[in-house]
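Below is one structure, written out as structure tokens; comments come after it.
2 protein chains.
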Amino acid sequence: MSDSLARKTQPLLDESLLTFLPPFSKLESRQIRAILDQATTRRVEEGAAIFDEGAPAERFYLLLDGYVRVVRLSPTGERITALHIPPGQLLGIARALGRTDYPATAVAAAESIVLSWPTRLWDSFAAEYEGFSTETYAVVGKRLEEMSERIMELATQHVEQRVANALVRLINQSGRKVPGGIEIDFPITRQDLSEMTGTTLHTVSRLLSGWEKQGLVKSQRKRIMVCDAHALVVLSQP
Amino acid sequence: MSDSLARKTQPLLDESLLTFLPPFSKLESRQIRAILDQATTRRVEEGAAIFDEGAPAERFYLLLDGYVRVVRLSPTGERITALHIPPGQLLGIARALGRTDYPATAVAAAESIVLSWPTRLWDSFAAEYEGFSTETYAVVGKRLEEMSERIMELATQHVEQRVANALVRLINQSGRKVPGGIEIDFPITRQDLSEMTGTTLHTVSRLLSGWEKQGLVKSQRKRIMVCDAHALVVLSQP
DNA sequence: CGCCAGCTTGAGGAGACTCAACCTAAGTGG
DNA sequence: CCACTTAGGTTGAGTCTCCTCAAGCTGGCG
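Protein chains in written order, with the UniProt record's numbering: chain A, 1 to 238; chain B, 1 to 238.
And the structure:
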């Protein structure tokens with residue numbers, strides 16, 4: 001492989017990027033090198049789709065940096081966020097679940113970097129690399145768990161609890177310490193929060209206003225800072 | 001293996017039982033025999049648990065006949081049905097998802113027959129039997145899909161639509177033609193339906209009463225017959 | 001025959017949605 | 001650089017769905 005091509009498709013790819021990620025943690029340096037050599041890197045703008053619901057699953061992805069929302073569209077056109085994917089996880093692994101198309105749309109919640117491989121490599125990765133498929137299915141297991149959690153919430157909790165819960169989860173997953181509290185380190189709108197919790201942006205706005213008056217949160221446009229996480233946790237419980 | 005032991009643990013096990021089930025469809029007769037020889041059969045009464053949420057995942061199961069509800073308990077003690085498992089599917093496959101305990105409780109919705117194997121056999125099944133793990137993960141994919149469907153419903157649809165939807169699904173999955181309509185062929189209470197749809201038994205009762213007046217359904221205690229499935233489908237859409 | 005799980009139905013009220021109007025920060029283009 | 005545009009946000013009023021509370025009914029089983 002020529003230097004120029006290597007630079008073009010893999011400007012920052014260091015083996016250490018993958019070494020500590022579960023699907024690759026049991027692999028040798030040589031194997032990781034081989035995997036990286038077949039990968040394509042892509043920078044995704046905030047709000048841009050990585051792949052679309054229903055499209056043929058031609059590639060599978062690894063989120064290196066950033067944050068991804070997995071969203072689906074209801075028959076009436078409402079967007080619902082099914083789950084969130086943190087850096088280091090695989091996504092678009094339709095192949096592993098016996099599908100030939102993507103079951104949902106993946107949207108970058110913040111500017112993100114993804115690696116990707118052609119789907120046809122999936123089987124050889126699974127066959128050749130010790131632990132790759134095991135670890136992948138562990139991720140799938142976590143997603144089932146997370147979705148089951150969301151079903152429980154939607155079925156049993158009130159909107160206020162669900163929104164509080166969503167905020168708590170967001171600051172845990174991608175909170176950044178700032179003076180005065182912990183900020184969600186990517187842009188997030190009331191609309192986004194409402195899509196995560198199955199409510200309307202109006203209700204979310206009212207809740208945030210109320211909490212801001214009580215000093216639990218501080219928010220500007222597309223920015224939310226949590227000042228009193230503990231109080232939110234209390235609110236999120238019944 | 002002695003005749004008496006064979007009869008004791010495998011009174012009805014014929015190879016043809018598994019031949020047409022996805023996880024085994026690619027196997028030879030000899031292999032299916034080997035798998036069956038290691039299986040334990042169990043009859044489960046209606047309402048009895050096959051395994052419990054949080055318990056160590058010592059065995060994995062195949063539902064031969066009957067019907068199974070996968071339920072979870074909310075912190076406040078409400079039961080929520082996360083999904084339904086039709087005959088022919090594997091369940092309790094925690095091992096395949098990198099878990100050591102069961103993530104939910106499996107309850108027989110009707111009298112059921114399950115086969116089971118010790119969890120430690122999972123890896124050897126996956127390694128030795130062509131297609132076993134692939135087909136299994138296809139089932140996992142379907143479950144993710146189903147759960148995502150439920151999230152969409154809970155987030156966007158009204159109670160009436162969700163209950164109508166649940167009924168439609170039940171008659172599709174396990175409807176039995178009877179004079180006057182299609183009956184759900186296992187006992188089901190208002191409470192069960194409310195746990196499937198995230199509502200209360202009162203609301204379900206009101207809805208069923210209303211539909212009965214309009215001739216869409218007919219119900220007795222623990223029995224529901226759908227007379228006009230099409231009308232229910234219409235109700236289930238927004 | 002009495003008990004009990006399952007079911008029904010009414011009244012009242014709270015939570016959340018819809019509709020509507022308006023505000024404001026951050027771009028955007030002249 | 002300033003006016004204009006627009007996406008994002010706030011807030012009020014009215015309404016409706018669905019829950020809660022409550023009381024009573026009924027079929028089946030011991």
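All C-beta atoms, glycine included, are put in the ideal place defined by N, C-alpha and C.
DSSP bridge partner residues for residue i (one or two, in chain order)
i      : result
B/R223 : B/Q220
A/R95  : For A/R95, which the question treats as bridged, DSSP gives no partner whatsoever.
B/V107 : B/A49 and B/R69
A/P22  : Answer is none; A/P22 lacks a bridge partner.
A/I113 : A/R43 and A/D65
A/P56  : A/D101
B/I80  : B/R72
A/L90  : A/L62
B/I85  : B/V68
Contact belief for residue i with residue j at Cβ below 8 angstroms, rounded distance in angstroms
i                      : j      : result
residue 259 of chain A : A/W122 : Residue 259 of chain A lies beyond the residue range present for chain A, which begins at 1 and ends at 238; the question has no answer from this structure.
A/Y67                  : A/I50  : Not confirmed; about 12 angstroms, so no contact.
A/A229                 : A/V139 : Actually they are not in contact, since the Cβ atoms of A/A229 and A/V139 sit about 26 angstroms apart, beyond 8 angstroms.
B/W211                 : B/V204 : Not quite, the Cβ-Cβ distance comes to about 11 angstroms (not below 8 angstroms), so this is no contact.
A/E46                  : A/A108 : 6 angstroms
B/R59                  : B/G92  : 7 angstroms
A/T165                 : A/E183 : A small fix is needed here, since residue 165 of chain A is Asn in this sequence, not Thr. Contact flag wrong, Cβ pair sits at about 18 angstroms.
B/L64                  : B/I113 : 4 angstroms
A/L207                 : B/R143 : 32 angstroms between Cβ atoms; not a contact.
A/V105                 : A/R72  : In the sequence as displayed, the identity of residue 105 of chain A is Thr instead of Val. Sure, about 7 angstroms apart at Cβ, within 8 angstroms.
B/Y102                 : B/A57  : 5 angstroms
B/E15                  : B/S29  : 6 angstroms
A/G181                 : A/C227 : 4 angstroms
A/I188                 : A/K222 : 6 angstroms
residue 249 of chain A : A/V70  : Residue 249 of chain A falls outside the range modelled here, since chain A spans only 1 to 238, and no answer is possible.
A/M147                 : B/I151 : 6 angstroms
B/T136                 : B/P23  : 5 angstroms
residue 322 of chain B : B/L13  : As displayed, chain B neither begins before 1 nor continues past 238, which places residue 322 of chain B out of reach and without an answer.
A/A110                 : A/F20  : Their Cβ separation, rounded to whole angstroms, is 21 angstroms, which puts A/A110 and A/F20 out of contact at 8 angstroms.
A/V178                 : A/M225 : 6 angstroms
With 8 angstroms as the C-beta to C-beta threshold (strictly closer), list the residues of the segment 102-123 of chain B near chain A in chain order. With the criterion set as a beta carbon lying under 8 angstroms from some beta carbon of chain A, the members of the segment 102-123 of chain B are P103 and A104, in sequence order.
For the segment 169-232 of chain B, which segments carrying the alpha helix (DSSP H) assignment without a break, of at least 4 residues, lie completely within its bounds, in sequence order? Runs found: 190-197 and 201-213.
Chain-ordered residues of the segment 145-173 of chain B with a beta carbon less than 7 angstroms from chain A: The segment 145-173 of chain B vs chain A, Cβ under 7 angstroms: E145, M147, S148, R150, I151, M152, L154, A155 and T156.
Could you check whether the segment 126-139 of chain A touches the segment 76-83 of chain A, counting it as contact only if at least three pairs of C-beta atoms, one from each stretch, sit closer than 8 angstroms? Flag = no, the segment 126-139 of chain A and the segment 76-83 of chain A do not touch.
Completely contained beta strand (DSSP E) runs for the segment 117-166 of chain B, where each covers 3 or more residues: Correct list: empty.
The segment 48-80 of chain A: positions lying closer than 7 angstroms to chain B by Cβ: Using a CB distance below 7 angstroms, the part of the segment 48-80 of chain A facing chain B consists of R72, S74, P75, T76, E78 and I80, ordered along the chain.
Report the residues of the segment 188-210 of chain B with a CB closer than 7 angstroms to any CB of chain A, ordered along the chain. Of all residues in the segment 188-210 of chain B, only G198 come within less than 7 angstroms of chain A when Cβ atoms are compared, listed by chain position.
Pairs of beta-carbons, one from the segment 156-172 of chain B and one from the segment 187-199 of chain B, closer than 8 angstroms: are there three or more? The answer is yes - the segment 187-199 of chain B touches the segment 156-172 of chain B, with three or more Cβ pairs under 8 angstroms.
Using a Cβ cut-off of 7 angstroms, which residues of the segment 78-99 of chain B contact any Cβ in chain A, in chain order? Under the 7 angstroms Cβ criterion, the segment 78-99 of chain B contributes E78, I80, A82, A96, L97, G98 and R99.
For the segment 13-28 of chain B, enumerate the residues whose C-beta is nearer than 8 angstroms to any C-beta of chain A, in chain order. Listed by position along the chain: nothing, the set is empty.
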